[in-house]
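Asker: Dropping the structure in here first, questions after.
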Amino acid sequence: REFGSASIGIHIPQCEQKWLSAEEQKPANQRKPVPQRPELGEGLSREEANDAIARHWKDEVLDPCPNCGRTFLPDRLEVHMRSCRPKDAP
């Protein structure tokens, strides 16, 4: 989802609070800190900035499936793993 300069100030605090609320529901040893915002260089277009933020999100937040390599939010990875099998498994 893309955010412009007017809405990003609203999005970030709400997103951080949503993250914290979801993490509070997990056992303490499974909680992750709020992902840090990426450092964006000066002079990036909105499209370049959104692409950099999306890459950062994928690298920092999504977990890869050990069988197929697709990435998921941690709670969705658990569901995916129920049906995903290694390629060499029967």
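For the record, in the sequence shown the residue sitting at position 59 is 111 according to the numbering used here, with numbers rising by one throughout.
From the three backbone atoms N, C-alpha and C, an ideal C-beta is built for every residue, glycine too.
Fair warning: this is a prediction, and the values are worked out from it, not measured in the lab.
Checking the sheet assignment: what are the DSSP bridge partners for A127?
Answerer: Counting from 1 along the sequence shown, the entry for residue 127 is found at position 75. Going by the sequence as given, residue 127 is Asp instead of Ala. DSSP, once it has assigned bridges, lists no residue as partnering D127.
Asker: Alpha carbons only, please: which of K139, D140, K110, P138 is nearest the one belonging to P126?
Answerer: Walking along the sequence shown from the start, residue 126 turns up at place 74. The shortest C-alpha separation from P126 is found at K110.
Asker: Would you check if the distance between the CB atom of P90 and the CB atom of H63 is smaller than 7 Å?
Answerer: Within the sequence shown, numbered from 1, the residue matching residue 90 stands at position 38. Within the sequence shown, numbered from 1, the residue matching residue 63 stands at position 11. Cβ atoms of P90 and H63: not closer than 7 Å.
Asker: Taking C-alpha atoms, which residue in C120, I60, Q88 lies nearest to L72?
Answerer: Here residue 72 corresponds to residue number 20 of the sequence shown, with the count starting at 1. Here the closest residue by C-alpha is Q88.
Asker: Straight-line CA distance for I60 to P118?
Answerer: Within the sequence shown, numbered from 1, the residue matching residue 60 stands at position 8. Within the sequence shown, numbered from 1, the residue matching residue 118 stands at position 66. Each residue's Cα considered, the two are about 34 Å apart.
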